[in-house]
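Notes follow the structure.
Numbering (this note's numbering), first residue to last: 5 to 262.
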């Protein structure tokens, strides 16, 4: 029996996307949340990484004295202004915090750990890491050879060049008579120069690297800051996931590699 070509066939056995007549993949709420979180982390982590590298560069420039204001221009306010070394430490600490935040938000764990290892070294440890220069080898001398000693020619002083002539004349003249009784010890304020600390700028020593407690606190703060920024960027991730789903992207494929 011949089949009628105009007769509608059953949709059994056909793919769902063909049976429904649409070109959009199925919507999954859990996949939407997972994909939105992944996209939010991907959007936040590069920003933290860029800021961490930039602050690390600024800390190095501050350590080298770039942009430092001389103390004579500050006047009396110089003692209230922190030194450039201390400012470099503050900027470096902020760079450490942002590096941990980027490593927390980055879905790629190796990339986040590499950023922390790049930012974390202490400023003054790398400044002092100068390759030692080997000493020049001593010249090889033959056995029994003695270096000759050259003495300077004696200098004959002229009669008018004697440096002790004035002292000899004063001794020969005898003691000078007193012009009057000495005055007692002065009870007034001392008019001579003070022997206290100098009023010039204080030379600060390079600060030591943070201890284990401070390093742990920076890591915890960076972890919390990283997840807080991911929460702020979550609406952006959800919106982008919906846009990809409307364009025909399967939500279950977003972040499947993590």
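Note that CB positions come from ideal geometry on N, CA and C, so glycine has one too. This structure is a prediction, so every number in the text was calculated from the model and none was measured.
- Looking at 252, 111, 110 and 72, the one whose alpha-carbon comes closest to that of residue 90 is 72.
- In the DSSP annotation of this structure, residue 85 is not part of any alpha helix (DSSP H), being labelled neither H nor E.
- For the 7 Å CB-CB criterion, residue 241 and residue 44 form a contact.
- Non-local beta-carbon contacts of residue 32 in its own chain, meaning distances under 8 Å to residues more than five positions away in sequence, involve 255 and 256 in chain order.
- Assigned with DSSP and collapsed to three states, residue 154 falls in coil, not helix or strand.
- In this structure residue 36 is not in contact with residue 92, their Cβ atoms being roughly 45 Å apart against a cut-off of 8 Å.
- Rounded to the nearest whole angstrom, the C-alpha separation of residue 83 and residue 56 is 30 Å.
- DSSP places residue 73 in no alpha helix (DSSP H); its state is neither H nor E.
- Note on residue 69: under 16 other CB atoms within 10 angstroms of its CB, so exposed under the neighbour-count rule.
- In the structure shown, residue 31 falls within a coil segment according to DSSP collapsed to helix, strand and coil.
- Taking the Cα positions, residue 115 is about 44 Å away from residue 81.
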